[in-house]
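Notes to accompany the following structure.
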Amino acid sequence: MDIARRLSSLVARKLPVRPVGLSNRAVASITFDDFPKSAWTLGGLILARHQIRGTYYTAGGFCGRTMDGITYYDESDLRGLLAAGHEIGCHGYSHQPTPWLATPVLVEDARRNAEFLRPFIGQAESYAFPFGAVSRRTKRFYTPRFASLRGVHPGVNQGRVDLSQLCTISLEARCFSERAVDAAIARIKAKGGWLVFHTHDVSETPSRFGTTPDQLDWTLARVKAAGIGFLPMREALKVALAA
Ligand SMILES: [Zn+2]
């Protein structure tokens, strides 16, 4: 990312587009981006064991494909996870960093993904920025289209937050940290708020952007043991905003 893009991203993060005050109720969400098939076939099993429903941010262009050794979801996976009560969110169709795309291209990409998802869910309510890349323009573009927008900037969502760029705790192998998860849980337990996790594949040999089954299992158990319940993003949003 060049300096201009870094600066644009920094400015976008500092300037909320949809600022809201969260309640002091504690809630958590587990989210999978793109999403690799193992997020459902293996990740879904772990979620089921904990009786947790998650959010799968779906990039339509990845359906049925295998790239760089990672096999992605197919349409039967979408039907399966919906039947299990999980949420399908939008992650763009072409999975490009949105600040790189001119607004007419964003319009076409949003239309394509909406068309792809329509037979499964009608209209997606939750969106995650591919690569977490944002600009003020693209935050403004997606804000009226979805109830919440998630980035990948690390942090917990507490007090005054930007629903156009919710923070997450990454469970990706490249940065997974039990200490970071515990610190986030402690903050939410003390003052309430919305704890959002994100990852991609779930595997004993995960990609840099994925998580092992043990790491996912440990995290879910740890949050539950702290008395914090999990909900998909669209439902957690209502809890987080409830007075
Ligand atoms: Zn992605």
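Converting from the sequence shown to the working numbering requires adding 1428 to each position, the first position being numbered 1. Backbone N, C-alpha and C fix where the C-beta goes; we use that ideal spot for every residue, glycine too. Remember, predicted model here, so these are calculated numbers, not experimental data.
With DSSP as the reference, identify every bridge partner of residue i, one or two as the case may be.
i	result
Val1624	Ser1457
Asn1585	Trp1622
Gly1516	The sequence given here has Ile at residue 1516, not Gly. Bridge partners of Ile1516: Tyr1484.
Ala1611	DSSP output for Ala1611 lists no bridge partner at all.
Asp1462	Thr1486
Quick one: what's got a C-beta closer than 6 Å to residue i's C-beta in the same chain, skipping five residues either side?
i	result
Lys1617	Ala1654
With distances taken Cα to Cα, identify the nearest neighbour of residue i among the options.
i	options	result
Ile1516	Ala1614, Tyr1485 and Val1535	Tyr1485
Arg1451	Gly1520, Gly1587 and Arg1650	According to the sequence provided, residue 1451 is Ser. The question's Arg does not apply to it. It is Gly1587.
Leu1510	Leu1577, Pro1547 and Gly1520	Pro1547
Ala1542	Ser1522, Phe1559 and Glu1632	Ser1522
Gln1524	Ala1670, Val1562 and Gly1492	Val1562
Sorted by chain position, which residues of the same chain lie with C-beta nearer than 7 Å to residue i's C-beta, five sequence neighbours on each side aside?
i	result
Ile1498	Pro1464, Asp1629 and Ser1635
Leu1665	Ala1575 and Ser1576
Arg1662	Glu1515, Glu1553, Ser1554 and Ala1575
Give the DSSP-derived three-state secondary structure of residue i in the structure shown.
i	result
Val1562	coil
Leu1594	strand
Tyr1500	strand
Val1445	coil
Ala1668	helix
Phe1658	strand
Leu1577	strand
Thr1640	coil
Thr1494	strand
Return the CA-CA distance between residue i and residue j, expressed in angstroms with no decimal places.
i	j	result
Ser1436	Ala1668	28 Å
Ala1601	Pro1641	11 Å
Thr1531	Tyr1570	11 Å
Arg1481	Ile1549	16 Å
Phe1658	Val1455	6 Å
Ala1512	Asp1430	42 Å
Ala1440	Trp1528	14 Å
Gly1520	Val1535	10 Å
Glu1632	Thr1639	8 Å
Asp1496	Phe1490	12 Å
Leu1623	Gly1560	17 Å
Would a check of beta-carbon distances place residue i closer than 7 Å to chain E?
i	result
His1519	Absence of chain E from the displayed structure is noted, only one protein chain being present.
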